[in-house]
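Let me begin by presenting the structure, written as structure tokens, before commenting on it.
Number of protein chains: 2
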Amino acid sequence: MLSLLDLLARLDAGRTSIEAVYDGVASTLDEREPDIRAFAHLDLGGARTAATGAGGPLRGLPIGVKDVFDTADMPSGYGSPIYDGWQPRADASVVTMARRAGAAVLGKTRTTEFAYLNPTVTRNPAAPGHTPGGSSSGSAAAVAAGMVTAAFGTQTAGSVIRPASFCGIAAIKPSYRLLPTVGVKPFSWLLDTVGVFAASVADCAMFLSAISGRELRVDVTDFGAPRIGVVRSGFSAEPSAAMAGAVDRLVRRAAAKGAEIRTVDLSGTVAAADRIHPLIMEYEGALALAHERDHHGAALSAVLAEALARGAATETAAYDAARSVAHTARRRVGELFENVDVLLMPAAPGAPPEGLGSTGVATFNRLWTLIGTPAVAVPGLVDEAGLPLGVQVVAPFGQDRVALAAANWLERLARG
Amino acid sequence: MLSLLDLLARLDAGRTSIEAVYDGVASTLDEREPDIRAFAHLDLGGARTAATGAGGPLRGLPIGVKDVFDTADMPSGYGSPIYDGWQPRADASVVTMARRAGAAVLGKTRTTEFAYLNPTVTRNPAAPGHTPGGSSSGSAAAVAAGMVTAAFGTQTAGSVIRPASFCGIAAIKPSYRLLPTVGVKPFSWLLDTVGVFAASVADCAMFLSAISGRELRVDVTDFGAPRIGVVRSGFSAEPSAAMAGAVDRLVRRAAAKGAEIRTVDLSGTVAAADRIHPLIMEYEGALALAHERDHHGAALSAVLAEALARGAATETAAYDAARSVAHTARRRVGELFENVDVLLMPAAPGAPPEGLGSTGVATFNRLWTLIGTPAVAVPGLVDEAGLPLGVQVVAPFGQDRVALAAANWLERLARG
Numbered sequence: 001m002l003s004l005l006d007l008l009a010r011l012d013a014g015r016t017s018i019e020a021v022y023d024g025v026a027s028t029l030d031e032r033e034p035d036i037r038a039f040a041h042l043d044l045g046g047a048r049t050a051a052t053g054a055g056g057p058l059r060g061l062p063i064g065v066k067d068v069f070d071t072a073d074m075p076s077g078y079g080s081p082i083y084d085g086w087q088p089r090a091d092a093s094v095v096t097m098a099r100r101a102g103a104a105v106l107g108k109t110r111t112t113e114f115a116y117l118n119p120t121v122t123r124n125p126a127a128p129g130h131t132p133g134g135s136s137s138g139s140a141a142a143v144a145a146g147m148v149t150a151a152f153g154t155q156t157a158g159s160v161i162r163p164a165s166f167c168g169i170a171a172i173k174p175s176y177r178l179l180p181t182v183g184v185k186p187f188s189w190l191l192d193t194v195g196v197f198a199a200s201v202a203d204c205a206m207f208l209s210a211i212s213g214r215e216l217r218v219d220v221t222d223f224g225a226p227r228i229g230v231v232r233s234g235f236s237a238e239p240s241a242a243m244a245g246a247v248d249r250l251v252r253r254a255a256a257k258g259a260e261i262r263t264v265d266l267s268g269t270v271a272a273a274d275r276i277h278p279l280i281m282e283y284e285g286a287l288a289l290a291h292e293r294d295h296h297g298a299a300l301s302a303v304l305a306e307a308l309a310r311g312a313a314t315e316t317a318a319y320d321a322a323r324s325v326a327h328t329a330r331r332r333v334g335e336l337f338e339n340v341d342v343l344l345m346p347a348a349p350g351a352p353p354e355g356l357g358s359t360g361v362a363t364f365n366r367l368w369t370l371i372g373t374p375a376v377a378v379p380g381l382v383d384e385a386g387l388p389l390g391v392q393v394v395a396p397f398g399q400d401r402v403a404l405a406a407a408n409w410l411e412r413l414a415r416g
Numbered sequence: 001m002l003s004l005l006d007l008l009a010r011l012d013a014g015r016t017s018i019e020a021v022y023d024g025v026a027s028t029l030d031e032r033e034p035d036i037r038a039f040a041h042l043d044l045g046g047a048r049t050a051a052t053g054a055g056g057p058l059r060g061l062p063i064g065v066k067d068v069f070d071t072a073d074m075p076s077g078y079g080s081p082i083y084d085g086w087q088p089r090a091d092a093s094v095v096t097m098a099r100r101a102g103a104a105v106l107g108k109t110r111t112t113e114f115a116y117l118n119p120t121v122t123r124n125p126a127a128p129g130h131t132p133g134g135s136s137s138g139s140a141a142a143v144a145a146g147m148v149t150a151a152f153g154t155q156t157a158g159s160v161i162r163p164a165s166f167c168g169i170a171a172i173k174p175s176y177r178l179l180p181t182v183g184v185k186p187f188s189w190l191l192d193t194v195g196v197f198a199a200s201v202a203d204c205a206m207f208l209s210a211i212s213g214r215e216l217r218v219d220v221t222d223f224g225a226p227r228i229g230v231v232r233s234g235f236s237a238e239p240s241a242a243m244a245g246a247v248d249r250l251v252r253r254a255a256a257k258g259a260e261i262r263t264v265d266l267s268g269t270v271a272a273a274d275r276i277h278p279l280i281m282e283y284e285g286a287l288a289l290a291h292e293r294d295h296h297g298a299a300l301s302a303v304l305a306e307a308l309a310r311g312a313a314t315e316t317a318a319y320d321a322a323r324s325v326a327h328t329a330r331r332r333v334g335e336l337f338e339n340v341d342v343l344l345m346p347a348a349p350g351a352p353p354e355g356l357g358s359t360g361v362a363t364f365n366r367l368w369t370l371i372g373t374p375a376v377a378v379p380g381l382v383d384e385a386g387l388p389l390g391v392q393v394v395a396p397f398g399q400d401r402v403a404l405a406a407a408n409w410l411e412r413l414a415r416g
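Line order of the protein sequences matches chains V and S. Reminder that position 89 of the first sequence reads as 89 in full-length UniProt numbering, one-by-one numbering, no gaps. Reminder that position 164 of the second sequence reads as 164 in full-length UniProt numbering, one-by-one numbering, no gaps.
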């Protein structure tokens with residue numbers, strides 16, 4: 001993989017050049033992209049040109065942009081034949097923010113159809129024959145395959161944290177609206193959240209810092225051992241034995257390194273919010289994609305068409321009640337953090353499922369998308385077969401750096 | 001003006017036909033549109049065709065759509081030369097919702113540049129020589145001139161309630177996200193709100209009911225006299241003497257008709273939110289229009305370019321602090337409603353200012369946009385010169401029908 005911080009340090013020290021970085025990327029693309037298929041649209045030449053003499057903290061380094069983000073210089077297909085070859089007029093806000101910070105867009109990464117569940121063709125570089133997860137499949141795969149230093153994704157249920165976990169890389173779904181969704185094809189206005197993938201947690205923090213103008217780096221300060229609340233129950237499903245075992249081992253190592261450990265159970269109020277997430281997502285999806293339903297219904301996959309039909313059939317009163325449950329949970333979620341800095345739990349139920357027929361489930365993710373708290377995927381753990389087992393760190397709203405610092409601390413233990 | 005409820009009743013009773021309605025609209029357009037210039041794009045033939053045999057509660061009646069909403073069959077220029085002739089691929093969600101309800105889109109109504117302050121060419125049908133207000137200038141004017149039965153607008157500060165007031169018509173800015181903003185060119189994700197204009201409050205309620213599937217009508221039930229809190233201070237400016245006098249007279253009539261009247265003052269917490277509105281709008285605007293700033297800066301008006309430059313220069317910490325002020329105010333605003341159903345105050349500082357050089361100010365509007373509570377513009381009052389003096393009814397979040405019912409009750413007094 002291409003570590004953003006490592007490459008920046010080597011560029012700084014004159015131990016590599018931006019030309020050499022792109023030569024390496026070109027080789028990696030030649031070797032791996034025909035198999036991985038991370039990109040819906042690729043422009044190596046354009047990225048090289050943009051990178052030449054690029055300033056800013058990101059020095060021209062290549063990034064990937066999920067194909068639900070608008071780009072003014074590349075088509076934006078949203079993973080749907082309805083938008084084949086569609087050319088927006090403006091970049092999504094975060095794309096402009098990244099370009100201002102010196103990033104060069106290598107291409108548009110493959111997304112599931114409108115970032116819902118219908119799988120795309122992308123393969124998992126870290127687990128051949130297993131799903132890369134979704135919906136930000138191409139972004140996670142492009143980072144995992146060493147094609148880009150960072151990539152944008154979106155999460156409406158688990159579409160950033162899950163693919164990061166399955167591909168063995170880091171990611172952050174920041175606090176709600178820390179990154180603007182302007183220029184992202186909407187699915188759910190209450191849930192859609194822009195996130196970021198990179199090789200390590202510290203790389204994610206660097207990228208997020210560079211594009212947002214917020215001080216979020218975790219590579220220059222020692223934040224010490226966090227107080228960790230391990231969430232062992234309350235979700236709608238259990239983790240696999242391998243995942244539960246991996247979390248236990250990580251927690252033991254954390255305790256041995258001085259972390260205070262508690263067990264935290266989701267309160268009934270918060271767990272109730274987890275359960276109503278799909279209703280909100282489907283209700284809003286049916287309105288966000290109302291035009292596509294009415295005019296291009298035959299071009300929608302069955303799994304999406306059925307979800308939108310459920311959304312369209314949902315009573316407004318049920319939606320309003322669900323929003324109220326979400327609102328209450330947002331107010332009460334602080335109680336979970338009373339004696340801990342962060343929560344720790346699986347990022348996915350287990351290792352990536354075999355085959356490409358499903359991108360997996362969002363069991364451990366969707367609640368935090370609904371609540372709006374930052375969540376960070378921590379790579380480094382694997383099962384007996386060597387398949388990635390990602391865990392996840394969650395902090396209170398607005399405490400993105402706390403989440404990143406704890407995740408960075410845990411990542412070193414996971415890899416150690 | 002074309003009253004939606006009146007036309008529906010006449011269609012029901014066979015006293016008019018949809019063909020006759022469009023003949024009338026055609027005459028009105030011939031007579032008035034060359035002077036009023038409400039439309040950026042007009043398609044009378046297309047609307048007639050769509051209306052023929054249209055079902056749904058709206059029976060093919062013509063509506064206007066502000067030109068910051070995407071439409072799949074009409075160009076969407078967002079009030080900026082940057083988007084001249086721009087043709088989106090999908091309708092904004094509310095446009096599809098209106099079409100499903102049987103509305104026919106007569107055209108795209110003129111907006112100020114990206115719905116900010118730079119005036120457009122539209123004239124005020126109710127006050128020749130005076131601004132129609134903005135940013136939803138064309139939507140308000142098209143309703144006021146009797147060209148459409150309803151129109152969509154957006155409000156980020158005062159862009160729905162102010163033009164309604166200046167043009168002597170009704171409007172509602174519903175609770176935050178009651179109507180989706182999907183397919184609306186964004187300016188501020190925290191503030192952008194879709195609203196609706198019509199000839200009367202009851203017409204607005206009918207239209208909103210028809211498109212949203214919520215029961216919001218106020219023409220079929222007698223809601224009785226509301227308990228009214230009159231807001232007399234706490235805003236950043238005072239109303240004109242004519243406006244203050246008009247409010248006083250309306251309040252006296254309301255009391256005489258059995259309304260309980262109290263005086264309510266904005267608390268310090270709530271007034272603080274009013275003051276930080278511009279900071280949030282400018283900060284988010286600079287990110288929402290980041291691509292346009294970087295690539296088409298010379299095509300922006302001075303007033304917009306300056307606002308975006310202020311936004312870009314705003315420290316992230318100041319923005320975060322402002323969001324926190326807004327958050328606190330949202331939690332505390334309920335205190336204002338402790339003994340009243342609704343709040344009543346001016347919709348604008350006074351009658352529409354003379355000339356077309358400014359669209360007026362959002363002094364009495366921006367707070368409620370930030371708080372997310374429903375606000376309804378009540379027409380019917382005029383000053384000594386016959387110029388419109390709109391007042392405004394505000395209800396707690398989610399109580400849109402309470403706001404509409406009280407506004408409807410007050411409208412009858414205002415007109416009486």
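Positions of the beta carbon are idealized from the N, C-alpha and C atoms, including for glycine. Note that the coordinates shown come from a computational prediction; the quantities given were computed from them, not determined experimentally.
Item, Value
"Near-chain S residues of the region 278-290 of chain V - C-beta to any C-beta below 9 Å", "E284, L287, A288, L289, A290"
"heavy atom of the ligand COA below 7 Å from W86/V C-beta", "Among the ligands in the structure shown, none appear at all, so the ligand COA cannot be discussed."
"DSSP-derived helix/strand/coil call for V340/V", "coil"
"CB contact below 8 Å: S80/V versus chain S", "no"
"Span separating the alpha-carbon of W145/V from that of A255/V", "Checking the displayed sequence, the identity of residue 145/V turns out to be Ala instead of Trp. For A145/V and A255/V, the distance between alpha carbons rounds to 33 Å."
"Residues that DSSP places opposite Q392/V in a beta bridge", "M345/V, A377/V"
"First through last residue of the alpha helix (DSSP H) which encompasses residue 417/S", "For residue 417/S there is no data in the structure shown, the boundaries of chain S being 1 and 416."
"Backbone CA spacing between A20/S and V65/V [nearest angstrom]", "52 Å"
"Proximal residues to R227/V (C-beta, below 6 Å), its chain only, five neighbours per side dropped", "E260, V340, D341"
"Residues bridged to G229/S [DSSP beta-bridge criterion]", "R262/S, L343/S"
"Within chain S, the residues that P186/V reaches when beta carbons sit closer than 7 Å", "V182"
"Beta-carbon gap between V230/V and V251/V smaller than 8 Å", "yes"
"Beta-carbon separation (whole angstroms), A170/V vs V378/V, contact threshold 8 Å", "7 Å"
"DSSP three-state assignment for F364/V, whether helix, strand or coil", "coil"
"Enclosing alpha helix (DSSP H) for A322/V [first to last residue]", "316-332"
"Pairwise C-alpha distance: A126/S and G386/S", "9 Å"
"Rounded separation between F166/S and P346/S - CA only", "12 Å"
"Identity of the residue in H296/S, L2/S, G285/S nearest Y116/S by Cα", "G285/S"
"Min CB distance T96/V to chain S below 8 Å", "yes"
"Beta-carbon spacing of A271/S, W409/S below 8 Å", "no"
"Min CB distance S93/V to chain S below 8 Å", "yes"
"Under 8 Å (Cβ pairs) to chain V, residues found in the region 305-321 of chain S", "T316, D320"
"Buried versus exposed call for Q392/V [16 or more other C-beta atoms within 10 Å across all chains shown]", "buried"
"Residue 492/S, buried or exposed, once every other Cβ within 10 Å from all chains shown has been counted against 16", "There is simply no residue 492/S to check, as chain S begins at 1 and stops at 416 in what is shown."
"For R162/V and T111/V, the rounded distance between their alpha carbons", "14 Å"
"Continuous alpha helix (DSSP H) stretch holding T28/V: start and end", "18-36"
"Spatial distance of A290/S from G60/V (CA atoms)", "19 Å"
"Under 8 Å between C-beta atoms of A72/S and R89/S", "yes"
"Where the region 35-69 of chain S meets chain V: residues whose CB sits under 9 Å from a CB there", "none"
"Cβ pair count under 8 Å reaching 3, the region 177-193 of chain V against the region 177-193 of chain S", "yes"
"Reference residue 441/V, options L389/V, F397/V, P349/V, T359/V, closest by Cα", "Here chain V has residues from 1 to 416 only, and residue 441/V is not among them."
"Residue environment, H327/S, which counts as buried when at least 16 other CB atoms sit within 10 Å", "exposed"
"C-beta contact flag for E411/S and S200/S at 8 Å", "yes"
"Partner residues on chain S for R177/V, Cβ-Cβ distance less than 8 Å", "W189, L190"
"Through-space distance from I211/V to A318/V, alpha-carbon basis", "38 Å"
"Contact list for A103/S against chain V, beta-carbon separation under 8 Å", "Ordered by position in chain V, no residue passes the 8 Å Cβ test against A103/S, which lies about 14 Å from the chain."
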